[in-house]
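S.K.:
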Amino acid sequence: MITTDIKQAVQLLANNEVIGIPTETVYGLAGNAYSNDAIKKIFTLKNRPFYNPLIVHIKSVDFLNDVACDIPDMAIKLAEKFWPGPLTLILKKQPHISDLITSGKETVAIRVPNHPLTLALLAKIPFPLAAPSANPFGSISPTSAQHVASYFNDNLAIILDGGICEKGVESTIVGFDNNQPILYRHGAIAVETLEQVVGKLQTQISNDTKPTAPGMLSRHYAPHTPTFLTNNVAEQLRAFSGKKIGLLLFEKQHLDQHDIHQEILSPTGDLEEAAKNLYAALHRLDGSRLDVIVVEEFPDKGLGKTINDRLNRATKK
Ligand code: TXA
Ligand code: MG
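Here the sequence shown is numbered in the working numbering, starting from 2 and rising by one per residue.
#1: Tell me whether ARG49 is buried or exposed, calling it buried when 16 or more other Cβ atoms sit within 10 Å of its Cβ.
#2: Just to check my reading of the structure: ILE190 and GLY21 have Cβ atoms closer than 8 Å, yes? What is that Cβ distance to the nearest angstrom?
#3: For ASN313, verify whether its CB is less than 7 Å away from any heavy atom of ligand 1.
#4: Can at least three beta-carbon pairs, one atom from the segment 276-289 and one from the segment 142-153, be found at a separation below 8 Å?
#5: Can you give the Cα-Cα distance for ASP100 and THR144, rounded to whole angstroms?
#6: Given that a residue counts as buried once 16 or more other Cβ atoms are within 10 Å of its Cβ, and exposed if not, what is LEU256?
#7: What are the complete alpha helix (DSSP H) segments, minimum 4 residues, inside the segment 160-204?
#8: Using the beta-carbon count (16 or more within 10 Å), is ASN115 buried or exposed?
#9: How many Å lie between ILE98 and VAL11 at the Cα?
#10: I need the boundaries of the alpha helix (DSSP H) containing ILE7, first residue and last residue.
#11: Tell me HIS262's beta-bridge partners as DSSP assigns them.
#12: Less than 7 Å separating the Cβ of PRO87 from some heavy atom of ligand 2?
#13: In terms of DSSP beta bridges, what is THR228 paired with?
#14: Count the other C-beta atoms from every protein chain shown that fall within 10 angstroms of the C-beta of THR173, then say buried if there are 16 or more, exposed otherwise.
#15: Where in the segment 24-103 do unbroken runs of the alpha helix (DSSP H), each at least 4 residues long, occur, reported from the N-terminal end onward?
#16: What is the DSSP secondary structure of ILE3, reduced to helix, strand or coil?
#17: Specify the secondary structure class of SER142 as computed by DSSP and reduced to three states.
#18: So does GLU25 have its beta carbon nearer than 7 Å to some heavy atom of ligand 2?
#19: From the DSSP output, in three-state form, read off VAL19 for me.
#20: Alpha carbon to alpha carbon, how far is VAL80 from THR45?
#21: Could you name the residues that DSSP lists as bridge partners for ARG112?
#22: Return the bridge partner residues of SER134 from the DSSP annotation.
#23: Quick check on the burial criterion: 16 or more other C-beta atoms within 10 angstroms. Buried or exposed for LYS8?
#24: Per DSSP, what are the beta-bridge partners of ALA240 in this structure?
#25: Only counting the same chain, and skipping five residues up and downstream in sequence, which positions put a Cβ closer than 8 Å to that of ALA1?
#26: Report yes if the CB atom of GLY247 is closer than 8 Å to the CB atom of HIS262, and no otherwise.
#27: Give a single yes or no on whether TYR222 has its beta carbon closer than 7 Å to a heavy atom of ligand 1.
#28: If I'm right that VAL293 touches VAL234 with Cβ under 8 Å, what's the distance once you round it to whole angstroms?
#29: Take the Cβ of ALA132 as the centre, count every other Cβ of all protein chains shown within 10 Å, and call the residue buried at 16 or more, exposed below.
#30: Grab me the residues of PRO73's own chain with a C-beta within less than 6 Å of its C-beta, minus the 5 sequence neighbours each way, in chain order.
#31: Would you call the CB atoms of LEU92 and VAL113 closer than 8 Å?
#32: By DSSP, does ALA1 sit in helix, in strand, or in coil?
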């Protein structure tokens with residue numbers, strides 16, 4: 002059931018049930034981070050392998066010490082600058098944080114989500130929320146309550162409806178090595194924006210399927226329809242002539258092809274707007290009974306890097 006009833010959400014979470022919650026990035030499948038029962042339900046619902054750890058959502062930076070310890074000064078600086086917001090920090094975990102959340106790692110992923118409904122919910126509960134994105138493992142992330150319902154309606158008591166996600170792509174993930182920040186996942190905060198605070202960032206963005214890699218499995222965010230990434234749309238369309246094609250484009254229509262389903266992510270060429278619209282457009286294309294989806298490579302700057310990262314994973318064979 003899609004609802005805005007926070008009271009009911011509090012009750013369900015206190016009973017170690019799992020619910021859908023909105024965040025500014027994507028919707029999450031949330032449960033009591035201090036309950037192994039709730040955490041197991043999340044993994045089962047998502048069909049997620051236990052080697053892929055979860056993010057813990059806390060109500061404010063003041064609660065960071067409840068879940069993390071030995072926190073580098075730079076982490077505090079980043080948290081104070083970007084929270085509530087789409088930045089996830091990987092920090093040394095407090096001993097009581099369950100191995101199920103961290104996949105046995107000594108570190109835990111933490112953020113304060115910036116959504117009024119979820120912040121109001123966090124204010125009413127005495128525990129943090131473990132929450133991965135609310136999609137079955139490997140599929141397109143949800144940016145509306147309806148997306149979550151289409152995946153899990155029969156198996157979730159409620160989905161809190163917070164409207165369309167403002168950012169539309171997942172949080173940026175930063176960890177530390179010897180107190181030096183390292184970028185683990187491109188996300189809703191552009192690298193350039195982070196670098197204004199921390200200086201040049203090292204990156205450790207994994208493309209392999211090793212269980213120890215920080216959740217960056219090479220194939221992810223994927224539509225069911227065969228999907229192809231290209232920097233030459235015209236050529237790709239010729240290769241698929243005769244097929245029912247869907248097109249995902251940045252700012253301009255592909256003019257000579259009025260017969261194909263085209264999704265333009267930002268007519269004004271704004272990468273933030275494109276990121277916000279990305280997953281909804283992929284959901285629509287995937288639901289349009291097409292033979293193939295062709296997606297255009299984005300400019301390699303700002304949130305274009307995040308969009309390209311997701312499109313690369315969505316099109317990996
Ligand atoms: O925007 C977001 O981050 C959304 C919303 C719901 O908060 N959540 C999200 O969760 O994207 P999920 O589970 O889809 O992605 C979490 C990522 C995974 O790639 C996981 O491997 C990584 O965080 N992660 C979690 N704990 C980690 C750890 N201790 N070390 C390295 N990576 C970790
Ligand atoms: Mg996810």
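Glycine included, C-beta positions come from ideal geometry on N, C-alpha and C.
M.R.: In this structure, then:
#1: Counting from 1 along the sequence shown, the entry for residue 49 is found at position 48. Classification for ARG49: buried.
#2: Counted from its first residue, the sequence shown places residue 190 at position 189. Counted from its first residue, the sequence shown places residue 21 at position 20. Contact flag wrong, Cβ pair sits at about 24 Å.
#3: As a first step, residue 313 is located in the sequence shown; it is residue number 312 there, counting from the start. Every heavy atom of ligand 1 is 7 Å or more from the Cβ of ASN313, so no.
#4: yes
#5: The residue you call residue 100 lines up with position 99 of the sequence shown. The residue you call residue 144 lines up with position 143 of the sequence shown. Roughly 28 Å separates the two Cα atoms.
#6: Walking along the sequence shown from the start, residue 256 turns up at place 255. That one is exposed.
#7: 192-199
#8: Taking the sequence shown and counting its residues from 1, one reaches residue 115 at position 114. Classification for ASN115: buried.
#9: Taking the sequence shown and counting its residues from 1, the one referred to as residue 98 is at position 97. Taking the sequence shown and counting its residues from 1, the one referred to as residue 11 is at position 10. Cα to Cα, ILE98 sits roughly 21 Å from VAL11.
#10: Walking along the sequence shown from the start, residue 7 turns up at place 6. That run of the alpha helix (DSSP H) goes 7-15.
#11: As a position in the sequence shown, residue 262 is number 261, starting the count at 1. Note: HIS262 sits in a beta bridge opposite GLY247.
#12: The residue labelled residue 87 in the question sits at position 86 within the sequence shown. For ligand 2, not one heavy atom lies less than 7 Å from the Cβ of PRO87.
#13: One-based indexing of the sequence shown puts residue 228 at position 227. According to DSSP, THR228 bridges with ILE294.
#14: Along the sequence shown, one-based indexing puts residue 173 at 172. The residue is buried, with at least 16 neighbouring Cβ atoms inside 10 Å.
#15: 37-47, 65-68, 74-83 and 100-103
#16: In the sequence shown, residue 3 corresponds to position 2, counting from 1. In this structure, ILE3 counts as strand in the three-state DSSP scheme.
#17: For the purposes of this step, residue 142 is identified with residue 141 of the sequence shown, where counting begins at 1. Coil at SER142, not helix or strand.
#18: On the sequence shown, position 24 is the one that residue 25 refers to. No, Cβ of GLU25 sits at least 7 Å from all heavy atoms of ligand 2.
#19: The residue you call residue 19 lines up with position 18 of the sequence shown. Correct three-state label for VAL19: coil.
#20: Looking up residue 80 in the sequence shown gives position 79. Looking up residue 45 in the sequence shown gives position 44. Here residue 80 turns out to be Ala, not Val, going by the sequence shown. Using only the alpha carbons, I get a separation of about 31 Å.
#21: Here residue 112 refers to the residue found at position 111 when the sequence shown is read from its first residue. In DSSP, ARG112 forms a bridge with HIS58.
#22: The sequence position of residue 134 within the sequence shown is 133, counting from 1. The partner list for SER134 (beta bridge, DSSP) reads GLY29.
#23: Translated into the one-based positions of the sequence shown, residue 8 becomes position 7. Label assigned to LYS8: exposed.
#24: As a first step, residue 240 must be located in the sequence shown, where it is residue number 239. In DSSP, ALA240 forms no bridge with anything.
#25: Past the edges of the chain, shown from 2 to 318, lies residue 1, and the structure says nothing about it.
#26: If you number the sequence shown from 1, residue 247 lands on position 246. If you number the sequence shown from 1, residue 262 lands on position 261. In contact: GLY247 and HIS262 (Cβ atoms closer than 8 Å).
#27: Numbered from 1 along the sequence shown, position 221 holds the residue referred to as residue 222. Result no, Cβ not under 7 Å from ligand 1.
#28: Along the sequence shown, read from residue 1 onward, the residue named residue 293 stands at position 292. Along the sequence shown, read from residue 1 onward, the residue named residue 234 stands at position 233. Contact doesn't hold; Cβ gap of about 12 Å is too wide.
#29: Position 131 of the sequence shown, counting from 1, holds the residue named residue 132. Classification of ALA132: buried, given that the 10 Å Cβ count is 16 or more.
#30: Residue 73 sits at position 72 when you count from the first residue of the sequence shown. Once the five neighbours on either side are set aside, the close Cβ partners of PRO73 are PHE177 and ASN180.
#31: As a working mapping, residue 92 is identified with position 91 in the sequence shown. As a working mapping, residue 113 is identified with position 112 in the sequence shown. Not in contact: LEU92 and VAL113 (Cβ atoms no closer than 8 Å).
#32: Residue 1 lies beyond the range of the chain shown here (2 to 318); nothing can be said about it.
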